[in-house]
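First the structure, in the form of structure tokens, and then the observations on it.
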Amino acid sequence: MKSKIEELQKQLGDIKIETVEQLEVFRQEYLSKKGKIQALFADFKNVPKEEKPEVGQLVNVLKNNAQNLYNDLKVNMGNSSSKEEKKLDLTRPVEFSHIGARHPISMVRKEIIDIFNRIGFVISEGPEVEDDFHIFTALNFPKEHPARDMQDTFFIEKDPDVALRTHTSSVQARVMESQKPPIRTISPGRVFRNEAISARAHCIFHQVEGLYVDKNVSFADLKQTLLYFAKEMFGEETKIRLRPSYFPFTEPSAEVDVSCNICGGKGCNVCKYTGWLEILGCGMVDPNVLTNCGIDSDEYTGFAFGMGVERIAMLKYQVKDLRYFFENDKRFLDQFTGAY
Ligand code: PHE
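The sequence shown begins at 829 in the numbering used here and counts up by one.
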């Protein structure tokens, strides 16, 4: 019996198994109920009593070795390349791979920029972390003036104030400081306001603001520029209307509505049955602002406007909740793939 066990141990050491079929043959030969190891257990009753403990142990060791060998080979074959090769079917259609696409906000921002580029507005950029002068003081927000509360601010340092810019008008202040008119520029960028997040507001959003300073720039120029923008963005039939408003840096100031592009102005639930949708703020640059930035306000006049990219995107694509733009759920984003 002992010699039989040794013989089988030796066989286990020498055995070569390379395929799943060979492994199955091995299982039947050694490990099945009719296999060689089970036969040893059947013979066990014939072993003299005094040898039983020793022989019993040897048979058990043999059985464990065989079982472990089988288990290891099975796992390896599961991962083995020979099996992979078998599964490889070169006639199968290629799996679609998802490639990245532009975010809807990037697409709309680009569209706004392109529209103004075509009539000679160039891009200017500035810092997101700004000083008080460029966000507020230069733009005619007096210190402690309640108009500063129109844009709840994230302060980074107090006195002298350093804050996250609440609008990209700060970039325009920098442009006016460093360039001579004629100035025709747009400033796209991220802005930050300490506001509760809701379907209509977020503490981070994107703006494109525009500025035109030259001799004899008039309110009519502003109106015509914005009409051109509205038609390019929302379609040739689009109309605009201006409502009086207030901004510290423009005088007079206006809020601009476009005719609802869903119902064509007849009234629907998107425009709340008014036929109009608000898209931006604008006005003639206040002479104080020109002076603060080193431009002679007797010689030059200018207009400015500012819009939220998310708002334009919501109107253009009838997105009801601004938060979708920030959640980046692929099911939402995929709807814009190929939109441009
Ligand atoms: N800066 C204003 C805002 O962020 C928008 C604006 C720009 C209004 C220029 C008028 C003129 O709300």
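Ideal placement from N, C-alpha and C gives every residue a C-beta, glycine not left out.
Count the other C-beta atoms from every protein chain shown that fall within 10 angstroms of the C-beta of residue i, then say buried if there are 16 or more, exposed otherwise.
i, result
"residue 1168", "Note that residue 1168 has pLDDT 46, beneath the 50 cutoff, so the model's placement of it is unreliable and the number below is only indicative. By the neighbour-count rule (16 or more Cβ atoms within 10 Å), residue 1168 is not buried but exposed."
"residue 1058", "buried"
"residue 1138", "buried"
"residue 884", "exposed"
"residue 1016", "buried"
"residue 1088", "buried"
"residue 865", "buried"
"residue 993", "buried"
"residue 901", "buried"
"residue 1101", "exposed"
"residue 977", "exposed"
"residue 1140", "buried"
"residue 1076", "buried"
"residue 991", "buried"
"residue 967", "buried"
"residue 919", "exposed"
"residue 835", "exposed"
Roughly how many whole angstroms lie between the Cα atoms of residue i and residue j?
i, j, result
"residue 1069", "residue 945", "23 Å"
"residue 1002", "residue 1011", "12 Å"
"residue 855", "residue 888", "16 Å"
"residue 1127", "residue 1043", "6 Å"
"residue 882", "residue 871", "14 Å"
"residue 894", "residue 874", "23 Å"
"residue 995", "residue 979", "8 Å"
"residue 832", "residue 886", "11 Å"
"residue 1124", "residue 1007", "12 Å"
"residue 1013", "residue 1004", "10 Å"
"residue 1052", "residue 1067", "11 Å"
"residue 1157", "residue 1116", "45 Å"
"residue 1035", "residue 974", "23 Å"
"residue 840", "residue 851", "12 Å"
"residue 926", "residue 1165", "11 Å"
"residue 892", "residue 876", "23 Å"
"residue 955", "residue 999", "8 Å"
"residue 838", "residue 857", "15 Å"
"residue 1021", "residue 981", "5 Å"
"residue 861", "residue 847", "22 Å"
"residue 985", "residue 964", "15 Å"
"residue 936", "residue 1150", "14 Å"
"residue 1144", "residue 905", "56 Å"
"residue 941", "residue 1094", "30 Å"
"residue 1114", "residue 924", "56 Å"
"residue 948", "residue 1135", "18 Å"
Just list the residues that DSSP pairs residue i with in beta bridges.
i, result
"residue 1110", "1082, 1133"
"residue 991", "958, 983"
"residue 1016", "1036"
"residue 897", "Note: residue 897 sits in no beta bridge, so no partner."
"residue 1162", "Per DSSP, none; premise fails for residue 1162."
"residue 1073", "1081"
"residue 1105", "1086"
"residue 917", "Bridge partners of residue 917: none, in fact."
"residue 1011", "1041"
So is the beta-carbon of residue i under 7 Å away from any non-hydrogen atom of ligand 3?
i, result
"residue 1037", "Among the ligands in the structure shown, ligand 3 does not appear; only ligand 1 can be found there."
Point to revise | Segment contact, 8 Å Cβ cut-off, at least three pairs: the segment 1078-1093 with the segment 1104-1113 | key: Segments in contact, yes.
Check your understanding: Quick check: the segment 1031-1040 against the segment 1130-1142, are there 3 or more CB pairs under 8 Å?
Key -> With the cut-off at 8 Å, the segment 1031-1040 and the segment 1130-1142 touch.
Review point. With contact counted as at least three CB pairs below 8 Å, one residue from each stretch, are the segment 1059-1067 and the segment 1016-1033 in contact?
Key: No: the two stretches stay apart, fewer than three of their Cβ pairs being nearer than 8 Å.
Practice item. Pair every Cβ in the segment 1155-1165 with every Cβ in the segment 923-938, then say whether three or more of these pairs are closer than 8 Å. Key: Output reads yes: the segment 923-938 touches the segment 1155-1165.
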